[in-house]
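*Asks:* Start counting the sequence shown at 355; every next residue gets the next number (my numbering).
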Amino acid sequence: MGSINNKRGNSEKAKKYYGEIVHIDSNNFSVYKLLANLYTLPTDSMKLVYLLKANSINPLEGDVAADLAEVHSAYQQYEKAYDVLNIAIKGDSDNLVLQRAKLPIANQLKKYAEVIASGEKLLKDGADAGVIKDVAKAYYYTRKYQKAIDLFKLLELQVMQNEATLYYTSLSYRALKNYEQAAAYTKKTIDEAISPNTSSYYSLLGLVYEENNQLSLANAAYKKGLQFKVVPTLYYRMAVFYDTRLKQGKNALKYYNLYLKSKPSIMDDKEEIRFTKDRIAQLNLTD
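1. Could you compute how far the alpha carbon of threonine 598 sits from the alpha carbon of alanine 606?
2. When the Cα atoms are used, what is the spatial distance from aspartate 326 to methionine 514?
3. Rounding to the nearest angstrom, what Cα-Cα distance links leucine 614 and arginine 591 in this structure?
4. State the start and end residues of the unbroken alpha helix (DSSP H) segment that holds lysine 475.
5. Just mark isoleucine 374 as buried or exposed, buried being the case when its beta carbon has 16 or more other beta carbons within 10 Å.
6. Buried or exposed: which applies to alanine 435, given that a residue is buried once 16 or more other Cβ atoms fall within 10 Å of its Cβ?
7. Count the other C-beta atoms from every protein chain shown that fall within 10 angstroms of the C-beta of asparagine 409, then say buried if there are 16 or more, exposed otherwise.
8. How many angstroms separate the CA atom of tyrosine 522 from the CA atom of proline 458?
9. Helix, strand or coil: which one does DSSP assign to valine 584?
10. Would you report the Cα separation of glutamate 424 and proline 396, rounded to the nearest angstrom?
11. Rounded to a whole number of angstroms, what is the C-alpha to C-alpha distance between lysine 456 and leucine 439?
12. Give a yes or no on whether the C-beta atoms belonging to tyrosine 429 and lysine 407 are separated by under 7 Å.
13. Is asparagine 359 helix, strand or coil by DSSP?
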């Protein structure tokens, strides 16, 4: 009855019938797996409950392990996701789906050497776009910027690039001080998608121009970023830019004050906040 109702799209009745089965047989792995699949959102608490039960009965079953790792990742519980996949992979070392699923989680845990070693092996079996992206990011975070660029460009050849991959390509070029390509890829990032991150991309574009001594272009990029979303970092960049590069104390003071008013993170930005307060005091004395 459970499977019949499921096929008819009546998931609530299917849940009821499957629930009656596990009430009688609490170790029925297949039914727990079916129950978990009836909940489509990875953040649904009942999906997690049923996947945990199924995984506890058979931790080596790949489909459940992959789904449970996805749910743990949705809750940002990356260690748990990593452990679930590790156990399943030990039981089926040839399961490429599980190996691919582990790469982005390992990146989150900063296990970059593992991502590179495992990912390069997977790439020998085929240029999977997800694997390319994960390995490229690992190369970026280990400061192997040219290797990161080479892989990100493979995605462009496959027309599989996106906002994030173009952004990391820009950051990689900037790290190599190739400002022309950094600017070009930041523009590509902006063109790829106008998103909540657009102001941050213009902030990066301004920084690239600034580092290449293209000050008028830097100024325009910073101001353009403010048209999309006000973020504390952008105000700080503009304040320092006016202060140190353009030597315009009044404009610097304006943006330093706007930075403090925009409520930067007391924990993450404490150095910037302290510097800003010191510069405001100094600039007020020179007025």
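Heads up, the beta-carbon is just placed ideally off N, CA and C, and yes, glycines get one too.
None of the values given here were measured: they were computed from a predicted structure.
*Replies:* So, to answer that:
1. The residue given as residue 598 occupies position 244 in the sequence shown. The residue given as residue 606 occupies position 252 in the sequence shown. Going from the Cα of threonine 598 to the Cα of alanine 606 covers about 9 Å.
2. Because the chain spans 355 through 641 in this model, residue 326 falls outside it and cannot be assessed.
3. Here residue 614 refers to the residue found at position 260 when the sequence shown is read from its first residue. Here residue 591 refers to the residue found at position 237 when the sequence shown is read from its first residue. A straight-line Cα-Cα distance of about 13 Å links leucine 614 and arginine 591.
4. The sequence position of residue 475 within the sequence shown is 121, counting from 1. That run of the alpha helix (DSSP H) goes 466–477.
5. On the sequence shown, residue 374 is found 20 positions in, with the first residue counted as 1. Per the sequence shown, the amino acid found at residue 374 is glutamate instead of isoleucine. It counts as exposed.
6. Walking along the sequence shown from the start, residue 435 turns up at place 81. Counting Cβ neighbours within 10 Å, alanine 435 comes out buried, since at least 16 surround it.
7. In the sequence shown, residue 409 corresponds to position 55, counting from 1. Looking at its Cβ environment, which holds 16 or more other Cβ atoms inside 10 Å, asparagine 409 is buried.
8. Within the sequence shown, the letter at position 168 stands for residue 522. Within the sequence shown, the letter at position 104 stands for residue 458. The alpha-carbon atoms of tyrosine 522 and proline 458 are separated by roughly 15 Å.
9. As a first step, residue 584 must be located in the sequence shown, where it is residue number 230. Note: valine 584 maps to coil in three-state DSSP.
10. As a working mapping, residue 424 is identified with position 70 in the sequence shown. As a working mapping, residue 396 is identified with position 42 in the sequence shown. Glutamate 424 and proline 396: Cα-Cα distance of roughly 7 Å.
11. Within the sequence shown, residue 456 is the residue found at index 102, counting from 1. Within the sequence shown, residue 439 is the residue found at index 85, counting from 1. Answer to the nearest angstrom: the Cα atoms are 7 Å apart.
12. The count along the sequence shown starts at 1 and reaches residue 429 at position 75. The count along the sequence shown starts at 1 and reaches residue 407 at position 53. No, the pair does not count as a contact, with Cβ atoms beyond the cut-off.
13. The residue labelled residue 359 in the question sits at position 5 within the sequence shown. Bear in mind that a pLDDT of 40 at asparagine 359, under 50, signals an unreliable position, so the model cannot answer this.
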